[in-house]
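Asks: This structure is in structure tokens; I'll ask about it shortly.
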Amino acid sequence: MEIVTTETIPDEEIEEALGIARGNTVKARNVGRDITQSIRNITGGELKAYSELLTDARDEAIARMTDDAAAMGADAVVNVRMESSEIAGGSSEVIAYGTAVTLQ
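Following this line, the structure appears as structure tokens:
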């Protein structure tokens, strides 16, 4: 399945728009990471544990969006967007969404 952030796919023609495909996940920090990342925050540098957590969340949201599109019979998802937000103290939601389409 093709996943693109553009409205079209090069060298492909969209036959039909099937609707919005979406996938989301909510991930929470853990106490161990909070302690180590707090120390890193004082000394400076990348908060790698949090970067990895958000990377995993984005990958999971995209996979769920792809599954949603496949269930609709899509060949691709165009105009893909991602958003993240804090849900509760220490947890974040990541959502991926786009238009599920069939290609000619």
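Reminder that position 49 of the sequence shown reads as 52 in my numbering, one-by-one numbering, no gaps. We put the beta carbon where it would ideally sit given N, CA and C, even for glycine. Small disclaimer: the values here were computed from a predicted structure and weren't measured.
1. Going by DSSP, which residues form a beta bridge with E19?
2. Are the CB atoms of V29 and A79 nearer to each other than 9 Å?
3. For I65, which three-state DSSP category applies?
4. Do N106 and E15 have their C-beta atoms closer together than 9 Å?
5. Kindly give me the distance between the Cβ atoms of G22 and A103, rounded to whole angstroms, as I take these residues to be in contact under 8 Å.
6. Does the separation of the CB atoms of T58 and M4 fall below 9 Å?
7. Buried or exposed: where does D71 fall if 16 or more other Cβ atoms within 10 Å of its Cβ makes it buried?
8. Check this for me: beta carbons of A31 and G76, under 9 Å apart or not?
9. Distance check for E19 and D97, CA to CA, integer angstroms please.
10. Output the distance between the C-alpha atoms of K51 and E63, rounded to the nearest integer angstrom.
Replies: Reading it off the structure:
1. Position 16 of the sequence shown, counted from the first residue, corresponds to residue 19. According to DSSP, which records beta bridges pairwise, E19 is partnered with T105.
2. On the sequence shown, residue 29 is found 26 positions in, with the first residue counted as 1. On the sequence shown, residue 79 is found 76 positions in, with the first residue counted as 1. No, these two residues do not count as a Cβ contact at 9 Å.
3. Translated into the one-based positions of the sequence shown, residue 65 becomes position 62. The answer is helix: DSSP assigns I65 an H, G or I state.
4. As a first step, residue 106 is located in the sequence shown; it is residue number 103 there, counting from the start. As a first step, residue 15 is located in the sequence shown; it is residue number 12 there, counting from the start. Reading the sequence as shown, one finds Leu at residue 106 and not Asn. Contact flag set, yes.
5. Residue numbering aside, residue 22 sits at position 19 when the sequence shown is read from its first letter. Residue numbering aside, residue 103 sits at position 100 when the sequence shown is read from its first letter. G22 to A103, Cβ: 6 Å. Contact.
6. For the purposes of this step, residue 58 is taken as residue 55 along the sequence shown, with counting starting at 1. For the purposes of this step, residue 4 is taken as residue 1 along the sequence shown, with counting starting at 1. No, they are not a contact pair.
7. The residue given as residue 71 occupies position 68 in the sequence shown. Under this definition D71 is a buried residue.
8. For this step, residue 31 is matched to residue 28 along the sequence shown. For this step, residue 76 is matched to residue 73 along the sequence shown. Taking 9 Å as the cut-off, the Cβ atoms of A31 and G76 do not count as close.
9. The sequence position of residue 97 within the sequence shown is 94, counting from 1. The sequence position of residue 19 within the sequence shown is 16, counting from 1. Note that residue 97 corresponds to Val in the displayed sequence, not to Asp. Going from the Cα of V97 to the Cα of E19 covers about 27 Å.
10. By one-based count along the sequence shown, residue 51 stands at place 48. By one-based count along the sequence shown, residue 63 stands at place 60. So the two alpha carbons sit approximately 18 Å from each other.
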